[in-house]
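Numbered according to our numbering, the sequence shown spans residues 149 to 204. The beta carbon of each residue, even a glycine, is placed where N, CA and C say it ideally should be. These figures come from a predicted structure and were not determined experimentally.
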Amino acid sequence: MSTVTRWEYLTVPLLIHATKQILDNYGEEGWELVQVVPGPNPENLVAYLKRPLSEG
Numbered sequence: 149m150s151t152v153t154r155w156e157y158l159t160v161p162l163l164i165h166a167t168k169q170i171l172d173n174y175g176e177e178g179w180e181l182v183q184v185v186p187g188p189n190p191e192n193l194v195a196y197l198k199r200p201l202s203e204g
C-alpha cells in the first residue's frame, strides 16, 4: 500500500547578491527549491519552495 506525500509550500523573495545564502538557509530547514521566477524589480527574484508536511 502506498502513501501520498502531503506538501507545504513557501514563497520567498530572493536578493540577487545573496541567493545561495538564502537558499542554503531554507535547505537546512528541509525546504526544496521548486522554481525561481523574476520578482517585482530587477534586483529581486521569487523562489517557490516545498517540503513534506510534518505529521501531527
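L163: member of the beta strand (DSSP E) spanning 155-163, first to last residue. By the neighbour-count definition (other C-beta atoms within 10 Å, threshold 16), A195 is a buried residue.
In the structure shown, L197 adopts extended strand secondary structure according to DSSP, grouped into three states. About 7 Å separates the beta carbons of V184 and L162, which is inside the 8 Å limit, making them a contact pair. The Cβ atoms of L171 and L181 sit closer than 9 Å to each other.
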